[in-house]
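> Quick one: this structure, given as structure tokens, is what I'll be asking you about.
There are 2 protein chains.
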Amino acid sequence: MAVTIKDVARLAGVSQSSVCRALADPARVRPETRERVERAARELGYHPNRVARSLITGRTGNIGVVLPDLANPFFPTVVKSIQTRARGFDYAVFLSDTDEDPAVEVPAIRALAKQVDGFLLCSPRATDEDLRSFAGEKPIVVLNRRITPFPSVTADNADGMRQVVAHLHALGHRDVAYVAGPRTSWSNRDRLRGLRAATAARGMTLVEAGNVAPTVDGGAAAADLVLAAPVTAVLAYNDLVALGLIKRFQARGVVVPEQLSVVGFDDILVAGLVGPPLTTVAIGKEQIGRVGVDLLLELMADRDSTGTARRVLPTQLIVRGSTGPAFR
Amino acid sequence: MAVTIKDVARLAGVSQSSVCRALADPARVRPETRERVERAARELGYHPNRVARSLITGRTGNIGVVLPDLANPFFPTVVKSIQTRARGFDYAVFLSDTDEDPAVEVPAIRALAKQVDGFLLCSPRATDEDLRSFAGEKPIVVLNRRITPFPSVTADNADGMRQVVAHLHALGHRDVAYVAGPRTSWSNRDRLRGLRAATAARGMTLVEAGNVAPTVDGGAAAADLVLAAPVTAVLAYNDLVALGLIKRFQARGVVVPEQLSVVGFDDILVAGLVGPPLTTVAIGKEQIGRVGVDLLLELMADRDSTGTARRVLPTQLIVRGSTGPAFR
DNA sequence: CAATATTCCGGAAACGATTCCAGACTGACC
DNA sequence: GGTCAGTCTGGAATCGTTTCCGGAATATTG
Chain A
57 MAVTIKDVAR
67 LAGVSQSSVC
77 RALADPARVR
87 PETRERVERA
97 ARELGYHPNR
107 VARSLITGRT
117 GNIGVVLPDL
127 ANPFFPTVVK
137 SIQTRARGFD
147 YAVFLSDTDE
157 DPAVEVPAIR
167 ALAKQVDGFL
177 LCSPRATDED
187 LRSFAGEKPI
197 VVLNRRITPF
207 PSVTADNADG
217 MRQVVAHLHA
227 LGHRDVAYVA
237 GPRTSWSNRD
247 RLRGLRAATA
257 ARGMTLVEAG
267 NVAPTVDGGA
277 AAADLVLAAP
287 VTAVLAYNDL
297 VALGLIKRFQ
307 ARGVVVPEQL
317 SVVGFDDILV
327 AGLVGPPLTT
337 VAIGKEQIGR
347 VGVDLLLELM
357 ADRDSTGTAR
367 RVLPTQLIVR
377 GSTGPAFR
Chain B
57 MAVTIKDVAR
67 LAGVSQSSVC
77 RALADPARVR
87 PETRERVERA
97 ARELGYHPNR
107 VARSLITGRT
117 GNIGVVLPDL
127 ANPFFPTVVK
137 SIQTRARGFD
147 YAVFLSDTDE
157 DPAVEVPAIR
167 ALAKQVDGFL
177 LCSPRATDED
187 LRSFAGEKPI
197 VVLNRRITPF
207 PSVTADNADG
217 MRQVVAHLHA
227 LGHRDVAYVA
237 GPRTSWSNRD
247 RLRGLRAATA
257 ARGMTLVEAG
267 NVAPTVDGGA
277 AAADLVLAAP
287 VTAVLAYNDL
297 VALGLIKRFQ
307 ARGVVVPEQL
317 SVVGFDDILV
327 AGLVGPPLTT
337 VAIGKEQIGR
347 VGVDLLLELM
357 ADRDSTGTAR
367 RVLPTQLIVR
377 GSTGPAFR
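Line by line, the protein sequences are chains A and B. If you count by the working numbering, then the first sequence holds residues 57 to 384, one letter each, in order. If you count by the working numbering, then the second sequence holds residues 57 to 384, one letter each, in order.
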């Protein structure tokens, strides 16, 4: 059936061990045998069975990526950069989408645990306690969330909010609303924290509109709540929510940004394409993935090197057409 | 270190074989031993090592998904449905993004081959010949492309184009342009084929504007070519290209749809959110993934059952604001 | 040339599960 | 009670690779 190391050994007239050595570390065999082995391997089309290898070495050459929702354009971008970076180091990527369900996360991680060398948990929704139960087992790097004792890569949400608030304040806004994302999302909590601090620092009032799903529909669902509040601008948990808000505002005849300014977060691709183009906060999505992989590789190489490195990436306000002077 | 079947056997006071049987098929052991084994397993937190299992059984419980570009919103949607469906059958998903590079595809498949039970190739860009070299090796189902001898799941592109052409014809359009996607894309060729037939059937003229990358930038790059042609409507290979076209049209002061109608393909989420909302052809993206998984599972269960099943899913024209009466 | 160091190679033991095979035990029946 | 069928269990082989260990061959040195 499949061609094994034995077949190569037989054809090359050497032992398994030599085949293994010749292919793994050519310096450890005589040039002549190396040549023989390589020829035999090529002739038979031999590719070592990674499964068998990982059984003995304990390494799989895979990393597991767990995320809440691939339908949110933010995540594919991160996954792509992870995948690209990982490929560069000969790692393959296992993907698990938990559909925003915290309960699915732990089993998903468990299921993958034996087949990967480490995990990249993207915006995990599980409780701190559940996540910490994996602490000793496998190298884990967490993205978009800070939780000891794992290394993490996050965006500087607070600074992003500071920039947004400064922008809105300069436009004359004094009363703003925040449409919150999932309660289980650390980013949501971090953004809200940053927003509270920033508005408080400028003496602005902040209305918090319930938690919604981080989707267009979620945003649309909160739009009417926002309209009922005495605010001139609304910040959304992320761009999808912001787009949902705008969609519903338009349906209600509310003109953005003349009557109401809207700000998103993430700067997903479509943010710049909609009408009006969305003012938002850009995060280095590719950078998150790349840095995450690098951290994980370090961690896997040396279990307690970067033990609890915390990389915080800068954010950048992108001003587009969805914000304007406060309506009076 | 990790807890193995031996540890469980020792604690339960039975042999490895019994532990294995007790966990795999409880009916094959006495209820009492089953109880003992289960308790021991629970106590030790035992989870069978899937790597070791797959070495002996030859099955991995994984499926490999290869696709050209996760940054195109079409693919995450498909991947998500694949992932969801696969999880339902206890399969994990390996993901490989080839970045639209046909040369990366074959090595990517090879690399994953030993760790998966089958492949779902999403819009593969490699040549027929290269792909066929995998024919005997692993179960493969191809999505968005038809290529013997693999089972495939495709959208009815021709019918979608027929619907678009009928729509445009009714609006008075007689001269239309097509902005083609990658030459390596089967969908692109299939759509063009369908479009040629549909326009010919109605005596309309068709201008073909070069091949571009299937991205917003690709569309923007072709916009000026379209404006230079004597057409009143333009069809794009996909929604991203259409959005790129519109973006550039707006920059050039061309009003859509008053001066030029634009039609996309795929109906990605953002198509309905941009201004003007995009007329496009909807494909059952979730369905593609789901049906693909089902086909693959059948194929894996019985190597030559669905040998060369070809599922063609319906397409549906979605009329939105980017098309209107022909400009004269 | 002898003694020693070095290189290179083959045999065999792992890794952790599954599975075949045969033996031990149970119960039923004559 | 003896025989037989059937159930349940443990031992051992197996998957394909890596790696340890010791022996043979070669090179180095005095």
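All C-beta atoms, glycine included, are put in the ideal place defined by N, C-alpha and C.
Looking at C-alpha atoms only, which residue of A/Val337, A/Asp146, A/Leu187, A/Arg86 is the closest neighbour of A/Val319?
A/Val337
> Which one of A/Val135, A/Tyr234, A/Tyr102, A/Pro207 has the shortest CA to CA distance from A/Leu353?
Of the listed residues, the one whose Cα sits closest to A/Leu353 is A/Pro207.
> Classify B/Lys62: buried if its beta carbon has 16 or more other beta carbons within 10 angstroms, exposed otherwise.
With fewer than 16 other Cβ atoms within 10 Å, it is exposed.
> Distance cutoff 8 Å, beta carbons only. Does B/Arg98 sit that close to anything in chain A?
Answer no: the Cβ-Cβ gap between B/Arg98 and chain A never drops below 8 Å.
> Using 8 Å for Cβ pairs, my map puts B/Leu369 next to B/Asp212. What's the rounded Cβ distance?
7 Å
> When you check each C-beta in the stretch 136–158 of chain B against every C-beta of chain A, which residues fall closer than 9 Å?
Lys136, Gln139, Thr140, Arg143, Asp146, Ala148, Val149, Phe150, Leu151, Ser152, Asp153, Asp155
> Taking the alpha helix (DSSP H) that A/Ala411 falls in, what are its first and last residues?
The first residue shown for chain A is 57 and the last is 384, placing residue 411 of chain A beyond what the model contains.
> Applying a beta-carbon distance threshold of less than 7 Å, which residues of chain B neighbour A/Asn105?
Lys170
> Helix, strand or coil, according to DSSP, for B/Arg384 in the structure here?
If DSSP states are grouped into helix, strand and coil, B/Arg384 belongs with coil.
> Could you pull the start and end residues of the beta strand (DSSP E) that B/Thr371 belongs to?
371–374
> Tell me the rounded alpha-carbon separation between B/Glu342 and B/Asp322.
12 Å
> What span of residues does the alpha helix (DSSP H) with B/Phe130 cover, start to end?
It spans 130–144 - the alpha helix (DSSP H) in which B/Phe130 sits, taken as one unbroken run.
> Would you say A/Ala236 and A/Ala265 are within 8 Å of each other, going by their C-beta atoms?
yes
> Which residue's Cα is closest to the Cα of A/Ile165: A/Val287, A/Val135, A/Ile196, A/Pro104?
A/Ile196
> Assuming A/Thr154 and A/Val122 make a contact with CB atoms under 8 Å, what is their CB distance in whole Å?
6 Å
> With B/Gly348 as the anchor, note down where its alpha helix (DSSP H) starts and where it stops.
341–357
> Just to confirm my understanding: we take A/Cys178, look at its own chain, exclude 5 residues before and 5 after, and list those with CB closer than 7 Å. What are they?
Val121, Val122, Leu123, Phe131, Val134, Leu199, Asn200
> Here's the rule I'm using: 16 or more other beta-carbon atoms within 10 Å means buried, otherwise exposed. How should B/Asp81 be labelled?
exposed
> Report the rounded CA-to-CA distance for B/Gly328 versus A/Val263, giving the unit in angstroms.
29 Å
> With a threshold of 16 other CB atoms inside 10 Å of the CB of A/His103, please say whether the residue is buried or exposed.
exposed
> Measure from the C-beta of A/Leu224 to each C-beta in chain B and report whether the shortest distance is under 8 Å.
no
> Quick check: what's the CA-CA separation for B/Tyr234 versus B/Gly300?
14 Å
> Could you please give the first and the last residue of the uninterrupted alpha helix (DSSP H) stretch that includes A/Leu329?
Careful: A/Leu329 lies outside any alpha helix (DSSP H) and carries neither H nor E.
> Write down the C-beta distance between B/Leu283 and B/Val312 rounded to the nearest angstrom, noting that I regard them as a contact closer than 8 Å.
In fact, because the Cβ distance is near 12 Å, the residues do not count as touching under 8 Å.
> Grab me the residues of B/Pro158's own chain with a C-beta within less than 6 Å of its C-beta, minus the 5 sequence neighbours each way, in chain order.
Arg181, Ala182, Thr240
> Does A/Arg181 come out as helix, strand or coil in the three-state DSSP assignment?
coil
> If you draw a straight line from the alpha carbon of A/Gln139 to that of B/Gly117, how long is it in whole angstroms?
21 Å
> Quick one, which residues of the stretch 195–210 of chain A are near chain B if we go by CB-CB under 9 Å, in chain order?
none
> Please confirm whether B/Ser137 and B/Arg346 have their CB atoms less than 8 Å apart.
For the 8 Å CB-CB criterion, B/Ser137 and B/Arg346 form a contact.
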